[in-house]
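Keeping their order, the protein sequence lines are chains B and H.
Numbering of the first sequence is given in the numbering used here, commencing with residue 95 and proceeding in unit increments.
Numbering of the second sequence is given in the numbering used here, commencing with residue 24 and proceeding in unit increments.
For glycine and all other residues, C-beta sits at the position ideal for the given N, C-alpha and C.
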Amino acid sequence: MLNLACLVPIFPLIGSIINGFFGLRIGKNAVGMVACGSVALSFLTVLLMFASLLFTPAEERMFEQVLFTWMAAGDFSVDFGFQIDPLSMVMMLVVTGVGFLIHVYSIGYMHEEYSYYRYFAYLNLFMFSMLLLVMGNNFLVMFIGWEGVGVCSYFLIGYYFEKKSACDAGVKAFVVNRVGDFAFLLAIMYIFNIFGTIDFSDVMHMAPEKLIFGAEPVTIITLLLFIGATGKSAQIPLYTWLPDAMEGPTPVSALIHAATMVTAGVYMVVRCSVLFEMAPLIMLTVAFIGGATALMAATIGMTQYDIKRVLAYSTVSQIGYMFLACGVGAYTAAIFHLVTHAFFKACLFLGSGSVIHGIHGEQDMRKMGGLKEHQPITYITFLISTFAIAGIFPLSGFFSKDEILYHALMDGNIILWGMGATGALLTAFYMFRLVFMTFWGESRVDPHVHPHESPKVMTLPLMILAGLATVGGLLGIPLVHGWHALHNWLEPVLHFDLAATLEHSRHMLHAQGEHPASWAHLLIETEHNVWVEIALMLLSLGIAITGIVGAYFCYVKNPDLPGKFIKGQWGYELVKNKYGVDELYDATIVKPTVVGSFFLWKTADQKGIDGGVNAVANVIGWFSVQARVFQSGFVRNYALFMVMGFLVLLILMF
Amino acid sequence: MDGFVPLNHYLLLSATLFVIGVLGVLLRRNVIVVFMSIEIMLNAVNISLIAFDHYLNNSDGQVFSFMVMCVAAAEVSVGLAIIISMFRNKPTVNLDEFNILKW
C-alpha cells in the first residue's frame, strides 16, 4: 500500500496542469472539481497509506520509495525518492487534509474572480510542492519542494497583480525567502561534503559517528539549516515578509501562510533533529529565537487593526512556540503544536475570510463589530478556534501549548518559560480583542453594506476545522504515560541515543589528542513530573483567562479605555510600527542594495562592460570602413587588383 | 626552318599580345571589347604554348592549346549569356554602369 506514495504528489500536479492549460476552456465548475478532486484523491491515498503504516510494527514504520536516479556525477548521486515514516505521514495528513478543506472553501470564496483557474492551478501546484517537501527522502528533493512552495507563495501573494502592494509583497516574500534558502543550500553542500550523501536516513545514521558533539562542523550545519528555517517559517530576523503576505487571497493565507508552508521550517528542524541534538549551542539559539519571536510577534499583534495582519502576527508567534519546543528538544511537542495550529489557525483565517467576504472586502476591524448576529456559523467556529489558540481546556491549543511550556521549563530554563507564558497571555488578549472588535459590540460596518453569512461551501470547511480544533488535543493527552498518541507515533523517528553519541565523540576527540569538557550533566534525565505539569496547566489556564478577561474589560466593558491608555505613548507607537524593523531593513539592506545595483547597472555595466565591448566593435568597424574602398563593385577594378597582385608576385619571384 | 624564327620572337609576340589584352580589360569600357581582350590574352598564351611545343619537340603544347580553345569556347558561351542578361537589366554595355559586384 505504501507503494502508492508516488501518486500522492502526482494528483495535484495533474490537477494543476489541467487547470493551468485548459482552465479557461473547461469552465469554473470543472476547474473547482478538478482542483478539489485531485487533492481529495491524494488525501484518500494518504489515508490508505496511513492505515497500512498503522498496521506495521512500530520499528518497521519506515519506507523508502526510490523512483529514479535523479543525477549522478562522480561521487555525487541523488535519487528522486520518497520517504514515508511517521513524521512525514503526520505532515502528509495535515497538508492534504487541511489543504482539501481549504480548496473546497476557495470554491466559494473565489467564486467571483475572473482568473479562477489561475488561482486553482497555483494552489494545486503548491500542494504538489508541499508534498514533495514533506515526502522527499533526501535534502535535495526537499529543497525542490522548498523552492516550489516559495514560488507558489510568490504567485499567490501576487495573485491580485493589478495592485502594486500585492506585487511588492510577493517580491518581498520571495526575496526574504531567498536569504534563508541560500543558507539551506549551503547547509546541504556542507552535509554532502562531510557525509558524501544527502539521504536523510544515511545522514542521520552516520551523524553520531562522523560528527563530534558540539564541534564546529555540526554547529555550522545546524546554524545554516536554522537560518533556512527562519526564512521559510518567518522567524526573527526574517519574519517581515509574512504580515505583508496577507495581500494574497484569504484561503491562501490560511493554507500557505498559516497551516502548511510556514511550518516547513519546523518540519525540517525536526527531520534533522539528530544534527540539532549534537549542537547544543544552536539548540539554545533556536529556543531563544523561537521564544523571542513568539513574544515580539504577539506584542505587534495587539496593536494591529487589519484582521488578517493580526492573524499573521499570531502565526509568526505560534511558529515561534514550535521553534521554542524544538530548541528544548521537545520535537513531539513542536509537531503536536504544528498539527493543532494547522487546525485552529486555518479555521481562524478561513473565518476571517468569511467575515471579509460577508462585508464585501473590508479588512479593518474598526469598521466591523456586531457581526455575530449576521454570521452565526462563522462566529461560533471562530470563537471555538480562538479558545483553542488561547489555550482553554479542553481544546487542542491547550494541550499543545501546555506541553511546549512544560518542556520549556523542565528542559530549558525559566527565561524561556517566561517568554512563552507572557506570549500566551498576549495571545489570549489579542485574539479576544479580535473577536470582540469583529463580532461583538455596536456595528461599525458601513451602512450601505449588508453583512451576510457565507454559503455552505465555505461554512462547511469552517465547521470541520473547528471540530478538529476541538478534538485535536486528544492526540497528545498529557499526564498519563503512554497515552500520548503522537509521542508514541513519532518515537521511532525521533529516537536519539545521546549517551552513545557522547561516548563516540569522546573517543574521536581523544584520537585527536584533545580532552573534552565534562558532558555528564547533559545525561541527567529530567523525570516527567506530573505535579509540575498539573501546576503549569492550571497556571497557563489562569494566564489565558486573564488575557481573555483583560480583552473583555478593554474592548467590551470600556471600549474607550484602550484609546485613552495608548494615547501619546511612545512605546505603543513603536510597537504599532512593528518596532521599525521594516524601516531598519529598508535603510540598512534594501537601500544600499538598490543604490549599489543602480551603480552596477548604470556605471559598471552600461559604461564599463557595454562600453568596452562597443569600443572593440567600433575599432574593428573603423578598419572595415577603411578596407571598404577596395570593394568598389567595378569588375575592371577587381581585374586591376589581380594584375597588380600578379605583378607583385613576379617581382618577388625574380 | 629551325632557327629561322627564334623562340624569343614568338615569346615576345605572345607577351605583347597578352599585355594588349590586359590593358584592354583594364582600360576599355565596352564590355564586348573587354571580352575580346580576354580572348586575345588566351590566344597569346596559345602562341607561346605552340612555340614551346615546336622547340621542345613534343606535342604536349598542342594538346594544351586545344584545351584552352575548348575552355575559351565554353567561356564565350557563358560570357555572352551574362552580357545579354546584363543588357536586359540596363540597356547599355558600358562597364562603368555596373557596380553591383559588391555588398
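Between the C-alpha atoms of B/THR426 and B/TRP577 there is a straight-line separation of about 13 angstroms.
Within the same chain, ARG52 come within 6 angstroms of H/ASN117 by CB-CB distance, once the 5 residues on both sides are set aside. Chain-ordered, the chain B residues with CB closer than 7 angstroms to the CB of H/VAL45 read VAL737.
Secondary structure in the stretch 666-722 of chain B: the alpha helix (DSSP H) runs of 4 residues or longer, each lying completely within the stretch, are 675-679, 685-693 and 704-722 in chain order.
The secondary-structure analysis by DSSP pairs B/MET165 across a beta bridge with B/VAL172.
Annotation: the continuous alpha helix (DSSP H) that includes B/VAL364 extends over 358-365. In terms of Cα proximity to B/LEU632, the closest of B/LEU305, B/GLU497, B/GLN663 and B/ILE508 is B/GLU497.
Residues of the stretch 704-737 of chain B that bring their beta carbon within less than 8 angstroms of a beta carbon in chain H comprise GLN725, SER726, GLY727, PHE728, VAL729, ARG730, TYR732, ALA733, LEU734 and VAL737, in sequence order. Per DSSP, the continuous alpha helix (DSSP H) segment holding B/PRO555 begins and ends at 550-565.
Between H/ILE123 and chain B, the shortest Cβ-Cβ separation is below 8 angstroms.
For a cut-off of 8 angstroms, the C-beta gap from B/ASP400 to B/ASP458 is around 6 angstroms, short enough to register as a contact.
For H/VAL48, the nearest beta carbon of chain B is closer than 8 angstroms to its own beta carbon.
By the rule that beta-carbons nearer than 8 angstroms mark a contact, H/LEU118 touches chain B.
Per the C-alpha coordinates, the member of B/GLY359, B/ASP293 and B/GLU303 positioned closest to B/PHE320 is B/GLY359.
Rounded to the nearest angstrom, the gap between the Cα atoms of B/GLY114 and B/LEU250 is 14 angstroms. Excluding the 5 residues flanking it on each side, B/GLY109 has same chain C-beta neighbours closer than 6 angstroms at VAL128, ALA129, SER132 and ASN218, in chain order. Collapsing the DSSP output to three states places B/ASP293 in a strand.
Within its own chain, the residues whose Cβ lies closer than 8 angstroms to the Cβ of B/ILE292, once the five positions on either side in sequence are excluded, are VAL172, ASN232, PHE233, LEU234, ILE282, ILE285 and PHE286, listed in chain order. The residues LYS122, VAL125 and MET204, in chain order, have a CB closer than 7 angstroms to that of B/TYR210 in the same chain once the five nearest residues on each side in sequence are set aside. Sequence-distant Cβ neighbours of B/LEU592 in its own chain, meaning closer than 8 angstroms and more than five residues away, are GLU371, LEU616 and LEU617. For B/PHE162, the closest alpha carbon among the candidates B/LEU442, B/VAL723, B/PHE174 and B/MET143 is that of B/PHE174. Residue nearest to H/SER88 within the set H/PHE121, H/ASP119 and H/ALA74 is H/ALA74 (criterion: CA-CA distance). About 5 angstroms separates the beta carbons of B/SER223 and B/GLY239, which is inside the 8 angstroms limit, making them a contact pair. Leaving aside the five residues that flank B/CYS261 on each side, the residues in its chain whose CB is nearer than 7 angstroms to its CB run, in chain order, GLY252 and PHE255.
The beta carbon of B/ALA482 sits closer than 6 angstroms to those of PHE438, LEU489, SER490, GLY491 and ALA563, all from its chain and outside the five residues before and after it, given in chain order.
The residue from B/ILE104, B/TYR407 and B/PHE116 with its alpha-carbon nearest to that of B/MET390 is B/TYR407. For B/VAL133, the three-state secondary structure derived from DSSP is helix. Taking the Cβ atoms as the reference, B/GLY452 lies roughly 5 angstroms from B/PRO545, within the contact range of under 8 angstroms. Taking the CA atoms as reference points, B/PHE220 sits about 23 angstroms from B/CYS366. Sequence-distant partners of B/PRO180 (beyond 5 residues in either direction) whose C-beta falls short of 6 angstroms from its own C-beta, in its chain, are ARG155, TRP583, LEU584 and VAL587. Beta-bridge partners of B/GLN177 (DSSP): B/GLU158.
DSSP, reduced to helix, strand and coil, places H/ASP76 within a helical segment of the structure shown. Within the same chain, ALA484, GLY485, ILE486, ALA518 and ALA522 come within 7 angstroms of B/ALA638 by CB-CB distance, once the 5 residues on both sides are set aside. Under the three-state reduction of DSSP output, B/ASP275 falls in the helix class. B/GLY230 is positioned such that its CB atom lies closer than 8 angstroms to that of B/GLN177. The C-alpha of B/LYS461 is placed about 19 angstroms away from the C-alpha of B/LYS658.
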